Amino acid sequence: MSEPVLEAAGLRFSYGRLRRTRVFDDFTWQVAPHETTLLLGPNGAGKSTLLRLLSGFDRPTGGEVRVGGVASRRELFRRVGWMPQDVQPGRGMTVAEQVEYVAWVGGLSRRQARDAAGEAISRVDLDDKRAVRTDRLSGGQLRRVGLAQALVRRGDVLLLDEPTAGLDPAQTLGFRALVKDIACPGGVVISTHQISDLVDDVDRVVILADGRIRFDGTPAGFVQQHVSAAGGATTLAEAFSAIVGGGRH
Ligand SMILES: Nc1ncnc2c1ncn2[C@@H]1O[C@H](COP(=O)(O)OP(=O)(O)OP(=O)(O)O)[C@@H](O)[C@H]1O
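Position in the sequence shown counted from 1, then plus 5, gives you the numbering used here.
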């Protein structure tokens with residue numbers, strides 16, 4: 006089987022009926038295989054849009070998204086797990102049904118979907134909520150359902166959009182432990198606009214601003230490379246502000 010590299014090649018994307026809000030223009034990037042990447046950027050940088058395009062949920066207006074060299078949404082649905090920023094409760098569905106449904110849409114048989122859903126629900130610690138309707142969950146519980154939905158496909162690549170938003174401190178710690186445990190051959194991408202979050206847990210940092218990549222490297226490399234640019238910045242937070250702020254001029 007081909008290497009499960011997930012890549013955006015010459016991507017273009019705009020929102021609106023008249024496509025006036027351009028987010029990406031000739032955007033090319035690859036998810037680093039076997040690594041956990043933190044996708045950082047200010048509000049409106051394009052992080053959620055990028056993950057929606059990479060997951061196959063949204064279609065680009067130009068260029069293509071490929072996984073293992075294949076540009077097909079079906080292949081993306083099969084090989085890429087995605088946790089959206091805005092996890093929606095399925096109408097009248099229980100936790101088990103919602104996670105099973107996502108597995109089934111991803112190409113598993115009903116039986117495989119049931120087994121995979123049971124496993125994913127345990128991993129996010131929602132065993133006691135399996136039979137509860139998802140529209141009756143708290144915000145943090147619903148986000149854990151979203152994480153289970155991403156894990157259930159057992160995909161080669163995992164894309165998590167603001168996974169710790171709305172989690173309490175204990176849940177955030179639990180999430181960090183879970184992420185350390187996840188091994189995906191095609192890599193894991195976690196988006197956030199909070200720099201303090203998760204930085205110590207990742208192999209790679211990518212900074213996105215205005216639909217362009219401003220940095221792609223290790224957390225330590227980022228601080229080092231931008232110390233002078235940031236006028237003596239020594240922390241990731243300071244360097245991030247300098248780079249993102251500098252990009253706006
Ligand atoms: N449904 C939409 N319709 C029109 N414009 C949109 C829509 N969703 C996002 N945008 C615009 O696209 C750009 C990128 O938004 P996106 O949500 O991808 O950013 P983000 O980096 O994920 O931000 P945040 O950290 O706030 O979640 C922004 O300018 C935003 O206003």
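Glycine included, C-beta positions come from ideal geometry on N, C-alpha and C. All values reported here derive from a predicted model rather than from experimental measurement.
Spatial distance of residue i from residue j (CA atoms)
| i | j | result |
| --- | --- | --- |
| F32 | L59 | 12 Å |
| R116 | A155 | 18 Å |
| A50 | G151 | 22 Å |
| L44 | S114 | 33 Å |
| T66 | D133 | 43 Å |
| I126 | L147 | 12 Å |
| T177 | A244 | 24 Å |
| P89 | T197 | 12 Å |
| D173 | L142 | 15 Å |
| P94 | G144 | 10 Å |
| A118 | D186 | 22 Å |
| T240 | V184 | 23 Å |
| E69 | R17 | 8 Å |
| V204 | I218 | 18 Å |
| A76 | T169 | 30 Å |
| R209 | T42 | 5 Å |
| S123 | V92 | A quick correction: the sequence has Gly, not Ser, at residue 123. Rounded to the nearest angstrom, the two C-alpha atoms are 19 Å apart. |
| A273 | R24 | With the chain covering 6 to 254 only, the question about residue 273 has no answer from this structure. |
| A37 | S246 | 24 Å |
Coil, strand or helix - residue i by DSSP
| i | result |
| --- | --- |
| D215 | coil |
| Q103 | helix |
| I195 | strand |
| L172 | coil |
| A36 | One detail in the question is off: residue 36 reads as Val in this sequence, not Ala. Note: V36 maps to coil in three-state DSSP. |
| G279 | Since the first residue of the chain shown is 6 and the last is 254, residue 279 is not available in this structure. |
| S246 | helix |
| V72 | strand |
| L58 | helix |
| A14 | strand |
Among the options, nearest to residue i - alpha-carbon criterion
| i | options | result |
| --- | --- | --- |
| D120 | D166, N48, V157 | V157 |
| I195 | G97, E40, G250 | E40 |
| A136 | A101, V72, S19 | A101 |
| D130 | D206, G68, A182 | A182 |
| S19 | V10, F29, G86, H198 | F29 |
| D206 | F180, R22, L11, A170 | F180 |
| Q35 | R22, V72, N48 | V72 |
| G112 | L23, A14, R159, V211 | R159 |
Local Cβ density within 10 Å of residue i, reported as buried at 16 or more and exposed below that
| i | result |
| --- | --- |
| G61 | buried |
| R79 | exposed |
| T26 | exposed |
| A225 | exposed |
| A188 | exposed |
| R253 | Per-residue confidence for R253 stands at a pLDDT of 42, beneath the threshold of 50, marking its modelled position as unreliable; no derived number is given. |
Cβ distance (whole Å) where residue i is taken to contact residue j below 8 Å
| i | j | result |
| --- | --- | --- |
| L213 | V193 | Going by Cβ atoms, the distance from L213 to V193 rounds to 16 Å, so no, they are not a contact pair. |
| T139 | M98 | 6 Å |
| L56 | D166 | 5 Å |
| I200 | F220 | With 8 Å as the limit, I200 and F220 do not qualify as a contact, their Cβ atoms being about 12 Å apart. |
| G11 | G216 | In the sequence as presented, Gly is not what sits at residue 11; that position holds Leu. Contact doesn't hold; Cβ gap of about 18 Å is too wide. |
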